[in-house]
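As they're listed, the protein sequences go chains V and H. First residue of the first sequence: 42, per the numbering used here; consecutive thereafter. First residue of the second sequence: 42, per the numbering used here; consecutive thereafter. Glycine included, C-beta positions come from ideal geometry on N, C-alpha and C.
Number of protein chains: 2
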Amino acid sequence: MKILLIEDDPILGESLKDYLEENSIFVHWIQDDREVEYIYNFDQYEVVVLDLILKYSRGEDILRQLRNKGIKNPVLILTAKRDIKDKEVCFSYGADDYLTKPFNPKELLLRINALSKRKHIDSVIKIGDLEINIDKKIIKKGAEEIKISKTAWELLYYLIKNRGAVVETERILNYVWGDRPVGDEIVRTYIKELRKILPKDSIKTYKGRGYKLE
Amino acid sequence: MKILLIEDDPILGESLKDYLEENSIFVHWIQDDREVEYIYNFDQYEVVVLDLILKYSRGEDILRQLRNKGIKNPVLILTAKRDIKDKEVCFSYGADDYLTKPFNPKELLLRINALSKRKHIDSVIKIGDLEINIDKKIIKKGAEEIKISKTAWELLYYLIKNRGAVVETERILNYVWGDRPVGDEIVRTYIKELRKILPKDSIKTYKGRGYKLE
DNA sequence: TCTTCTATCAATAAAATCTTCATCTTTTTT
DNA sequence: AAAAAAGATGAAGATTTTATTGATAGAAGA
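See below:
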């Protein structure tokens with residue numbers, strides 16, 4: 042799992058990054074909150090952790106900007122203020138959870154995991170002439186429904202969740218097959234299955250690295 | 042009927058659970074409100090009863106979080122405060138009803154029943170030549186009434202609630218049989234029963250995934 | 001008691017899963 | 001530019017998992 046951490050305190054940032062990465066959560070840590078503007082692919086992050094008190098802009102503004110951009114990733118707010126007002130403002134801007142400092146890193150880890158399990162993607166996704174309804178778990182090509190197997194669905198779901206980003210074969214294996222003893226070939230087999238259904242070239246191969254949807 | 046009770050007061054919780062269960066409402070009682078995060082299947086509950094004053098988080102926050110997650114179950118708020126503000130906040134977060142402490146458990150029971158009915162889908166549904174009256178629990182084929190067993194009805198109801206969507210065997214088991222120790226076969230048996238009644242092909246099989254009612 | 005309901009089972013059918021192979025294409029390395 | 005590596009493609013097939021069907025026994029209710 043990969044998260045985005047927006048935290049300008051170098052000490053807290055460093056320690057959070059360390060702790061989370063020990064617990065196999067990749068952390069993209071941004072110290073300067075102005076950098077957020079230059080992140081184009083939010084789909085790669087399962088959760089965004091945002092400190093409310095930042096140097097250049099107020100956390101609330103960042104959150105509002107993200108939501109205005111149509112970014113739906115779950116956002117967890119970190120705040121030193123116990124002020125109730127702030128929490129409400131954040132929730133009204135679409136935060137999904139918050140944590141008041143000081144907090145136990147384990148608590149943060151738990152909450153990140155809980156958030157990542159929620160859906161942060163549109164429930165209906167269009168790829169070419171295909172319409173994929175995540176809620177209903179069905180795929181339609183015009184009026185006709187296309188059935189796919191469980192495994193194929195899981196792979197597709199994972200690609201969608203990470204669409205726009207290259208996902209490593211390793212991570213696909215881990216997500217779809219868990220610790221079942223299978224080799225890389227199986228990913229190829231199922232990628233092939235999906236390519237039969239999806240529009241041409243919508244899954245791109247990055248040799249030695251992985252695949253990218255869209 | 043099964044409800045979720047979020048109440049950290051052990052005395053009130055215990056007595057509510059007892060009273061409601063005497064009146065054939067299964068109660069999943071959570072004392073530690075943090076547990077809410079780990080509930081993934083809210084479909085199983087017809088109503089959520091939430092105490093506003095909890096140890097670890099404010100009831101409003103929990104409600105807000107639930108709604109942000111896209112959980113649409115009817116929520117009834119319990120509150121000791123007679124403060125109108127709070128009620129308004131709750132309604133703005135999407136509460137469906139409230140009750141101020143102290144209250145008569147019978148009142149709660151009545152309100153739970155009212156909520157569970159309000160939430161219902163259209164009360165009469167047509168599938169092919171069948172007419173299903175959800176409120177009266179009656180299935181008609183023309184003038185003739187078709188009787189089905191209680192279990193079959195529960196399954197049908199769940200499929201109707203989720204019609205158009207693939208529902209996993211796992212979730213069906215959870216909804217219809219709860220934690221009774223039964224195996225997947227029983228779902229198949231009852232799907233078979235329903236297929237005898239419903240128009241041909243109205244329940245589709247998704248191998249390894251589940252079933253879908255059109 | 002008689003009937004309906006509930007749950008399981010065994011035989012069979014049908015997909016899904018995963019591996020393997022041969023051949024071809026693309027990318028990377030030397 | 002040639003060689004090596006990685007992946008694509010198509011297909012076959014063995015294995016496993018899952019679903020269908022009909023039969024059946026026990027539980028529960030009328």
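H:GLN85 versus chain V: which residues are under 8 Å apart at the beta carbon? As a first step, residue 85 of chain H must be located in the second sequence, where it is residue number 44. Residues of chain V passing the Cβ test: none, with the nearest at roughly 17 Å.
Given a threshold of 16 other Cβ atoms within 10 Å of its Cβ, counted over all protein chains shown, does V:GLY100 qualify as buried or as exposed? Translated into the one-based positions of the first sequence, residue 100 of chain V becomes position 59. V:GLY100 should be labelled buried.
Can you give me, in chain order, the residues of the stretch 221–253 of chain H that have a beta carbon less than 9 Å from any beta carbon in chain V? Shown in chain order are the members of the stretch 221–253 of chain H whose Cβ falls below 9 Å from a Cβ of chain V: LYS245, TYR247, LYS248, GLY249, ARG250, GLY251, LYS253.
Quick one: list the residues of chain H neighbouring V:TRP194, beta-carbon separation under 8 Å, in chain order. For the purposes of this step, residue 194 of chain V is taken as residue 153 along the first sequence, with counting starting at 1. Residues of chain H passing the Cβ test: ARG250.
What residues from the stretch 167–179 of chain V come within 9 Å of chain H, judged by C-beta to C-beta, listed N to C? ASN174, ASP176, LYS177, LYS178, ILE179
Give, in chain order, every unbroken run of the alpha helix (DSSP H) that is at least 4 residues long and sits entirely within the stretch 192–216 of chain V. 210–213
For the alpha helix (DSSP H) that contains H:LYS58, what are its first and last residues? Walking along the second sequence from the start, residue 58 of chain H turns up at place 17. Counting along the chain, the alpha helix (DSSP H) containing H:LYS58 begins and ends at 51–63.
Whole-angstrom distance between V:ILE213 and V:ILE103, CA atom to CA atom: For the purposes of this step, residue 103 of chain V is taken as the residue at position 62 of the first sequence. For the purposes of this step, residue 213 of chain V is taken as the residue at position 172 of the first sequence. Cα-Cα distance, rounded: 31 Å.
Can you check whether the CB of V:THR120 is closer than 9 Å to the CB of V:ASP138? In the first sequence, the residue the question calls residue 138 of chain V occupies position 97. In the first sequence, the residue the question calls residue 120 of chain V occupies position 79. No, these two residues do not count as a Cβ contact at 9 Å.
Three-state secondary structure assigned by DSSP to V:VAL228: Translated into positions along the first sequence, residue 228 of chain V becomes position 187. Helix at V:VAL228.
Please classify V:ARG99: does DSSP put it in a helix, a strand, or coil? The sequence position of residue 99 of chain V within the first sequence is 58, counting from 1. Coil.
DSSP-derived helix/strand/coil call for H:LEU93: In the second sequence, counting from the first residue as 1, residue 93 of chain H sits at position 52. Coil at H:LEU93, not helix or strand.
For the candidate residues V:ALA206, V:TYR199, V:ASN203, whose alpha-carbon lies nearest to that of V:TYR231? Looking up residue 231 of chain V in the first sequence gives position 190. The shortest C-alpha separation from V:TYR231 is found at V:TYR199.
The stretch 42–51 of chain H touching the stretch 69–76 of chain H, judged by at least three CB pairs closer than 8 Å: yes
Pairwise C-alpha distance: V:GLU87 and V:HIS69: Residue mapping note: residue 69 of chain V aligns to position 28 of the first sequence, counting from 1. Residue mapping note: residue 87 of chain V aligns to position 46 of the first sequence, counting from 1. In this structure, the straight-line span from the alpha carbon of V:HIS69 to that of V:GLU87 is close to 11 Å.
For H:LYS142 and H:LEU61, I'd like the C-alpha separation in whole angstroms. Residue mapping note: residue 142 of chain H aligns to position 101 of the second sequence, counting from 1. Residue mapping note: residue 61 of chain H aligns to position 20 of the second sequence, counting from 1. Whole-angstrom Cα-Cα distance: 17 Å.
Whose C-alpha, out of V:THR246, V:GLU55, V:LYS191, is nearest the C-alpha of V:PRO146? Against the first sequence, residue 146 of chain V aligns to sequence position 105. Per the Cα distances, V:GLU55.
When DSSP labels each residue in this structure, what does H:VAL77 get in the three-state scheme? As a working note, residue 77 of chain H is residue 36 in the second sequence. Correct three-state label for H:VAL77: helix.
Give me, in chain order, the residues of the same chain whose beta-carbon lies closer than 8 Å to that of H:LEU140; leave out the 5 immediate sequence neighbours on both sides. As a position in the second sequence, residue 140 of chain H is number 99, starting the count at 1. For H:LEU140, where only same-chain residues beyond five positions count, the Cβ hits under 8 Å are LEU117, ILE118, LEU119, THR120, GLU148, LEU149, ARG152.
Can you list, in chain order, the residues of its chain whose CB lies under 6 Å from that of V:ARG105, leaving out five sequence neighbours each side? Your numbering for residue 105 of chain V matches position 64 in the first sequence. Contacts found: TYR134.
Using C-beta distances below 8 Å, list every residue in its chain close to H:ASP170, excluding the 5 sequence neighbours before and after it, in chain order. In the second sequence, counting from the first residue as 1, residue 170 of chain H sits at position 129. For H:ASP170, where only same-chain residues beyond five positions count, the Cβ hits under 8 Å are LYS182, GLY183, PRO240.
Drop a sphere of 10 angstroms on the beta-carbon of H:GLU185, count the other beta-carbons inside from all chains shown, and report buried for 16 or more, exposed for fewer. Position 144 of the second sequence, counting from 1, holds the residue named residue 185 of chain H. Burial call: exposed.
Have a look at H:LEU1 and H:VAL90 and give me their C-alpha separation to the nearest angstrom. This structure leaves residue 1 of chain H out entirely; chain H is present only between 42 and 255.
Do H:SER164 and H:ILE180 count as a contact pair if the criterion is CB distance below 9 Å? Taking the second sequence and counting its residues from 1, the one referred to as residue 180 of chain H is at position 139. Taking the second sequence and counting its residues from 1, the one referred to as residue 164 of chain H is at position 123. No, these two residues do not count as a Cβ contact at 9 Å.
Can you look up H:LEU239 in the DSSP assignment and give me helix, strand or coil? Along the second sequence, read from residue 1 onward, the residue named residue 239 of chain H stands at position 198. DSSP places H:LEU239 in coil when its eight states are reduced to three.
Please report the straight-line C-alpha distance between H:LYS202 and V:VAL207, rounded to a whole angstrom. Here residue 202 of chain H refers to the residue found at position 161 of the second sequence. Here residue 207 of chain V refers to the residue found at position 166 of the first sequence. The alpha-carbon atoms of H:LYS202 and V:VAL207 are separated by roughly 37 Å.
9 Å Cβ cutoff met for V:ILE166 and V:GLU234: Taking the first residue of the first sequence as position 1, residue 166 of chain V is located at position 125. Taking the first residue of the first sequence as position 1, residue 234 of chain V is located at position 193. It is not a contact, given that the beta carbons lie outside the stated cut-off.
Check V:ASN109 in the structure and name its three-state DSSP category. Along the first sequence, one-based indexing puts residue 109 of chain V at 68. Three-state DSSP puts V:ASN109 in a helix.
How about V:LEU117: is its C-beta nearer than 9 Å to some C-beta of chain H? Looking up residue 117 of chain V in the first sequence gives position 76. No - not a single Cβ of chain H is within 9 Å of the one on V:LEU117.
Closer than 9 Å at the beta carbon, the chain V residues around H:ALA206: Here residue 206 of chain H refers to the residue found at position 165 when the second sequence is read from its first residue. The contacting residues are ASN174, ASP176, LYS177, LYS178, ILE179.
Taking Cβ to Cβ, would you say H:SER65 is nearer than 9 Å to H:PRO115? Residue mapping note: residue 65 of chain H aligns to position 24 of the second sequence, counting from 1. Residue mapping note: residue 115 of chain H aligns to position 74 of the second sequence, counting from 1. Going by C-beta atoms, H:SER65 is not nearer than 9 Å to H:PRO115.
Give me the Cβ distance between V:GLY251 and V:GLU209, rounded to the nearest whole Å; I'm assuming they're in contact under 8 Å. Start at 1 with the first residue of the first sequence, and residue 251 of chain V comes out as number 210. Start at 1 with the first residue of the first sequence, and residue 209 of chain V comes out as number 168. V:GLY251 to V:GLU209, Cβ: 4 Å. Contact.
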